[in-house]
Amino acid sequence: MKKIFAQVRELKRLGQDIELILIRIGKISYPSYDFLTICDMDEVPSGDYFGRFRRACKISNIYGELIDSLGPGDILYMRFTSAFPPISPKYYYKLRRRACKIVTEHQTKELDEFKLNGRSLTYWSELFFGTLLRKQSDAIVGVTGEIAQYEIAKARDLKNLTL
10 MKKIFAQVRE
20 LKRLGQDIEL
30 ILIRIGKISY
40 PSYDFLTICD
50 MDEVPSGDYF
60 GRFRRACKIS
70 NIYGELIDSL
80 GPGDILYMRF
90 TSAFPPISPK
100 YYYKLRRRAC
110 KIVTEHQTKE
120 LDEFKLNGRS
130 LTYWSELFFG
140 TLLRKQSDAI
150 VGVTGEIAQY
160 EIAKARDLKN
170 LTL
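The working numbering puts the first residue of the sequence shown at 10, with every later residue one more than the last.
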């Protein structure tokens, strides 16, 4: 998170109007910044699928309300970890009619990592909904060229950047 905070501080210093919204799960401590809004979520045991689903729905509502609040000059930059939940069916239609641009950053080949780590709910969610959500992005950022190509292959020819 230090890297992200540093990037946002620099963008603010350069005069950009920017807000960082962090969905925090658990009791992790972060510094206070004027650009940072924290939405707290409860930790849920890994075997509690109903609890994880409820939490995912809450997170989805945060994304939906955020998309509703953004206009044509805004960019929603999401650090992507899985297809579950970012957008529930309730908000999916809004993705197609949204005013803002959506850019997703990918740190890993999600399916491989979820399978390796035994995250079954996240794995199946990514398998069924990942491509659908990527197709709604305006651009993809991959931390390596290999990850960027993996993500683009799952969607379509998107604008992309490798960090």
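Quick reminder that beta carbons are idealized off the backbone N, C-alpha and C, glycines included.
Everything numeric in this text was worked out from a predicted model, so none of it was measured.
In the DSSP assignment, TYR86 is bridged to VAL112.
Rounded to whole angstroms, GLU114 and GLY151 show a C-alpha spacing of 6 Å. If you look at ALA162, you'll find it in the alpha helix (DSSP H) that goes 154 to 162. In terms of CA proximity to ALA148, ALA162 leads the group GLU135, LEU136, PHE137, ALA162. If you look at THR46, you'll find it in the beta strand (DSSP E) that goes 45 to 50.
In the displayed model, VAL150 falls within a strand according to three-state DSSP. Spatial neighbours of ILE34 in its own chain (CB-CB distance under 7 Å, excluding positions within 5 residues in sequence) are listed in chain order as MET50, GLU52. ILE30: member of the beta strand (DSSP E) spanning 29 to 34, first to last residue.
Bounds of any alpha helix (DSSP H) do not take in ILE37, whose DSSP letter is neither H nor E. In this structure, the beta-carbon distance from ALA157 to LYS144 does not fall below 7 Å.
With 16 or more neighbouring CB atoms inside 10 Å of its own CB, GLU160 falls in the buried class.
A straight-line Cα-Cα distance of about 11 Å links ARG88 and ILE111. The beta-carbon distance between THR131 and PHE137, rounded to whole angstroms, is 11 Å. This is too long to meet the 8 Å contact definition.
Taking the Cβ atoms as the reference, LEU120 lies roughly 6 Å from GLU135, within the contact range of under 8 Å. ARG128 carries a coil assignment under DSSP once its states are collapsed to helix, strand and coil. By the 16-neighbour rule on beta-carbons within 10 angstroms, ALA65 is buried. Annotated three-state conformation of LEU79 is coil, per DSSP.
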